[in-house]
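Heads up: the sequence shown runs through residues 2 to 225, numbered per the numbering used here.
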Amino acid sequence: MKKILISLSVIVLSFVLGSIITIFVLNKEYDIGSINESLVYIEATSFDDISSGSGFVYKTENNKNYIITSYHILNGYDDIYVYNKGGNKYRADIASYNEASDIAVISVEDKLDLKNVKIGNSDDLKVTDEIYAVGTPIDYRYFGTITKGIVSNLDRKIVVDGREYNTIQIDPNINLGNSGGPLLDKKGRVVGLIFIKEDNIDGVGFAIPINFVMKTVEKTEDKW
2 MKKILISLSV IVLSFVLGSI ITIFVLNKEY DIGSINESLV YIEATSFDDI
52 SSGSGFVYKT ENNKNYIITS YHILNGYDDI YVYNKGGNKY RADIASYNEA
102 SDIAVISVED KLDLKNVKIG NSDDLKVTDE IYAVGTPIDY RYFGTITKGI
152 VSNLDRKIVV DGREYNTIQI DPNINLGNSG GPLLDKKGRV VGLIFIKEDN
202 IDGVGFAIPI NFVMKTVEKT EDKW
């Protein structure tokens, strides 16, 4: 009888411990600050001009890091360079892009010690959810700047240069250079691609939902 009770106790204890471990793993919050290991600062240059922005690594294969960013950062420029959090610089190439969606993927040799981000689900977002905007406003001196805010509106339609975009409206401070950076949920997962801010109005910014971004990227991957 004692052996039966001991066996039952062991089974129950194993079940409880297994449940606790499962709950912990499923609800584990990633360190927001660790996003800098996946973040890059981007400089696109031409003969007499320079454009800058941000990007994040979503995939690594064949000794290359693949970085999602905003196409308008690259459009019209000849040379592209990316910097990691340590200030190391390496030349990158455009792997694919969708101009109508303002989404691009650039590739760089896997020599900058970069890690892949955790991709979230933008369909799970709700108005007032806590989010974090990450990027490099102005220039490299402000690499990995993180600002905290909330989701102000979902499915906000905005028109830029005659094109309509379906976006997430957000209120963290974002500035020139933030474009192409990741929008994170409170667990550190990427739920959006930072797009633009409303001119001359603080606290009104926009991000492209990551679900749409990933669908667009997957379609363009076929052209690599």
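C-beta: ideal position from N, C-alpha, C; glycine also. Bear in mind that the values here come from a model prediction, so they are computed numbers and not experimental data.
- Taking the C-beta atoms as reference points, serine 39 is found nearer than 9 Å to asparagine 117.
- Alanine 105 has Thr70 and Tyr98 as its beta-bridge partners, per DSSP.
- Fewer than three beta-carbon pairs drawn from the segment 123-143 and the segment 98-105 are found closer than 8 Å, and the two stretches are therefore not classed as touching.
- Classified as exposed, glutamate 165 has fewer than 16 neighbouring CB atoms from the shown chains inside 10 Å of its CB.
- Asparagine 154 has its alpha-carbon roughly 15 Å from the corresponding atom of alanine 134.
- Ranked by Cα distance from isoleucine 95, the first of Ile69, Gly145, Phe144 and Ala208 is Ile69.
- Each of Asn167, Lys149 and Val161 was checked against the Cα of lysine 187, and the nearest Cα belongs to Lys149.
- By DSSP's assignment, serine 53 forms a beta bridge with Glu44.
- Here DSSP, grouped into helix, strand and coil, assigns glutamate 199 to coil.
- Restricting attention to Lys60, Ser47 and Asn64, the CA atom closest to the CA of aspartate 80 is found in Ser47.
- Only residues of its own chain outside the window of five on either side were considered, and among them Glu165, Tyr166, Asn167 and Thr168 have a CB closer than 8 Å to the CB of lysine 158, listed in chain order.
- Here asparagine 85 is buried: its Cβ has 16 or more other Cβ atoms, across all protein chains shown, within 10 Å.
- Nearest Cα to alanine 208 within the set Pro183, Lys216, Met215 and Arg190: Pro183.
- Per the coordinates, the alpha-carbon of isoleucine 120 lies some 18 Å from the alpha-carbon of serine 108.
- Counting only the Cα atoms, lysine 60 lies some 15 Å from lysine 220.
- Valine 192 places its beta carbon 9 Å or farther from that of serine 97.
- The residue from Asn89, Gly34, Gln170 and Glu110 with its alpha-carbon nearest to that of asparagine 66 is Glu110.
- Residue nearest to isoleucine 195 within the set Asp114, Asn212 and Ile175 is Ile175 (criterion: CA-CA distance).
- By the neighbour-count criterion, in which 16 or more other beta carbons inside 10 Å mark a residue as buried, glycine 181 falls on the buried side.
- Beta-bridge partners of leucine 177 (DSSP): none assigned.
- DSSP places lysine 220 inside the alpha helix (DSSP H), whose first and last residues are 211-222.
- A residue is called buried once 16 or more other Cβ atoms fall within 10 Å of its Cβ, and serine 52 is buried on that count.
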